[in-house]
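Chains H and V, in that order, are what the protein sequence lines are. The first sequence begins at 85 in the working numbering and counts up by one. The second sequence begins at 85 in the working numbering and counts up by one. Even for Gly, the Cβ is constructed at its ideal location relative to N, Cα and C.
Number of protein chains: 2
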Amino acid sequence: MAVTTRRADAQRNIAAILTAAAECLTRDPAASTSEIAKAAGVGRVTLYGHFPSRAELVDAVFVQAIATGEQTLGQVDLTGDPRDALARLIESSWQLVDQYRALLLAAQDALPPGRVQELHADPMARVERLLERGRAEGVFRTDLPTSWLVSVMHNVMHGAAGEIQAGRITSEQAAPYITATLLGAFAPA
Amino acid sequence: MAVTTRRADAQRNIAAILTAAAECLTRDPAASTSEIAKAAGVGRVTLYGHFPSRAELVDAVFVQAIATGEQTLGQVDLTGDPRDALARLIESSWQLVDQYRALLLAAQDALPPGRVQELHADPMARVERLLERGRAEGVFRTDLPTSWLVSVMHNVMHGAAGEIQAGRITSEQAAPYITATLLGAFAPA
DNA sequence: CTCTTGTCGAACACCAGTGTACGAGTTACG
DNA sequence: CGTAACTCGTACACTGGTGTTCGACAAGAG
């Protein structure tokens, strides 16, 4: 792109803003541009110099989060018994969901509807492929659409985050609970 | 209380505001007091005459919604095979969740944290009792806390509402999908 | 019929956030 | 070193909501 020639300090500031925004939005999904700028050690004006609006900043942070998440998930071994593979995938996914939970909320009310869904396409496809394989091998149920099963997984994980916040379960219990629940839910009838 | 003597038109207005608020908040969880007052055919000042703040209005609407919901759920037959009873309970609960979904969002960011949870105590207890009975009879799993199973049910239902909004499933498919999923998830290992 | 209770609209103060404008100062890059 | 790119703080305009105040007016209760 034409922006190849960015002065070094500008690049540094962009990076600082991005990481500060990730932190702030994780702490409070409604964090203001002032807070973020301050956390980045930068003037609010400078922030607007790099990101035309709060929404575009949130978008950038979210895109980055998805990208690093994808990198993590890409290293999960999805071969072997689909049930074991699912357990491994849940373990990794859960870490990410737990970590980026608040960021998701921020994205959901700062970004246009559908945008969040759009950016989730890759991780969702990964889950879908695994489920399809499990169905073909007869270890996962086929009486419900794959997309529904994916959404169940998604919602159970986010529900677990809520249970932690409510203090009804601990962070360590979450993954096994989720795994046990989903393996039951996905088993053939 | 001392408010036994409310003029007739005042009572009418309170009722009008309450139903209008329910409608508006269902359409848009962030509906303003102006919108609600207008929808109720009442001046904004009148609204503040009856409800000291937007939050207290939302609370009142939410309390009312829970109460009518409880009335519906109270008529569900929970005897017999716990799995069949659960299916019936899901059917009824789903109607309510689908209907009051947006209202819940409104409550969640207008009410102090924990308040929503607090008001959900009764419906949650009902589910919990049924699950406990099913566990005692050996048809539901006992390797996970009942409260976790309740939260799974809750989240799967709200997830279904999201899937409808995303256009991936229809309103009629939801209940059977939810039932099939939860019966699988709750079955003993 | 009277008087208390309630209603109305318009106006106001307030707040918190977003995004812009300016001008002076600073920093990297060649 | 000079210049273009960048940053800074302050200040401003704007938006959109909340909650209050006022005085005039209407309606129900006894």
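Of the candidates V:Val-240, V:Glu-202 and V:Met-237, the residue whose Cα lies closest to the Cα of H:Ala-250 is V:Glu-202. Here H:Asp-227 has Ala-273 as same chain residues with Cβ atoms under 7 Å from its own Cβ, once five neighbours each way along the sequence are excluded. With a threshold of 8 Å between beta carbons, H:Glu-247 makes contact with chain V. Not one beta carbon of chain H lies nearer than 8 Å to the beta carbon of V:Leu-141. For H:Asp-227, the neighbours in chain V by C-beta distance under 9 Å run, in chain order, Ala-264. Rounded to whole angstroms, the Cβ separation of V:Ala-123 and V:Ala-104 is 4 Å, and the two are in contact under 8 Å.
Judged by their CB atoms, H:Ala-121 and H:Leu-109 are not nearer to each other than the 8 Å cut-off. V:Gln-192 has a beta carbon lying at 8 Å or more from every beta carbon in chain H.
Think of a sphere of 8 Å around the beta carbon of H:His-242: the chain V residues whose beta carbon falls inside it are Asn-239, in chain order. Close to V:Ala-271, with beta-carbon spacing below 7 Å, are these residues of chain H in chain order: Gly-268. Between the segment 193 to 201 of chain V and the segment 152 to 168 of chain V, the count of C-beta pairs closer than 8 Å stays below three; the two stretches do not touch.
Straight-line measurement puts the Cα of H:Pro-113 at about 44 Å from the Cα of V:Asp-165. One thing to note: H:Phe-270 has its Cβ no nearer than 8 Å to the Cβ of H:Leu-214. For V:Thr-263, same chain residues with a beta-carbon under 8 Å away, outside a window of 5 residues either side, are Leu-170, Ala-171, Ile-174 and Glu-175 in chain order. DSSP places H:Ala-171 in the uninterrupted alpha helix (DSSP H) bounded by 166 to 194.
The closest CA to that of V:Val-236, considering only H:Pro-136, H:Ser-231 and H:Ala-258, is found on H:Ala-258.
The beta carbon of H:Ala-144 sits closer than 7 Å to the beta carbons of Leu-102 and Phe-135 from its chain, once the five residues preceding and following it are set aside; these are given in chain order. No Cβ-Cβ contact shorter than 8 Å links H:Arg-138 with H:Ala-94. Secondary structure at V:Ile-253: coil, using DSSP grouped into helix, strand and coil. The Cβ neighbour count for H:Glu-247, taken over all protein chains shown within 10 Å, is at least 16; the residue is labelled buried. Nearest to V:Asn-97 by C-alpha distance, out of V:Gly-125, V:Arg-219, V:Leu-267 and V:Glu-119, is V:Gly-125. Any Cβ of chain H closer than 8 Å to the Cβ of V:Ala-171 would place that residue at the interface, and such an atom is absent. For V:Arg-252, the closest of H:Ser-231, H:His-238 and H:Arg-252 by C-alpha to C-alpha distance is H:Ser-231. Taking the CA atoms as reference points, H:Val-240 sits about 15 Å from H:Gln-183. Going by DSSP, H:Asp-143 is part of the alpha helix (DSSP H) stretching over 138 to 158.
For V:Ile-174, no chain H residue has a C-beta closer than 9 Å to its own C-beta; the minimum C-beta separation is roughly 14 Å. For the pair V:Leu-187 and V:Ala-100, the CB atoms are not nearer than the 8 Å cut-off. Burial is judged here by how many other beta carbons sit within 10 angstroms of a residue's own beta carbon; H:Thr-254 has fewer than 16 and is exposed. Annotation: V:Tyr-184 has no Cβ neighbours in chain H at a cutoff of 8 Å; minimum Cβ distance is about 17 Å.
Using beta-carbon distances, V:Arg-90 does not count as an interface residue toward chain H, since no partner is under 8 Å.
Going by beta carbons, V:Ala-245 and V:Val-142 fall outside the 8 Å limit.
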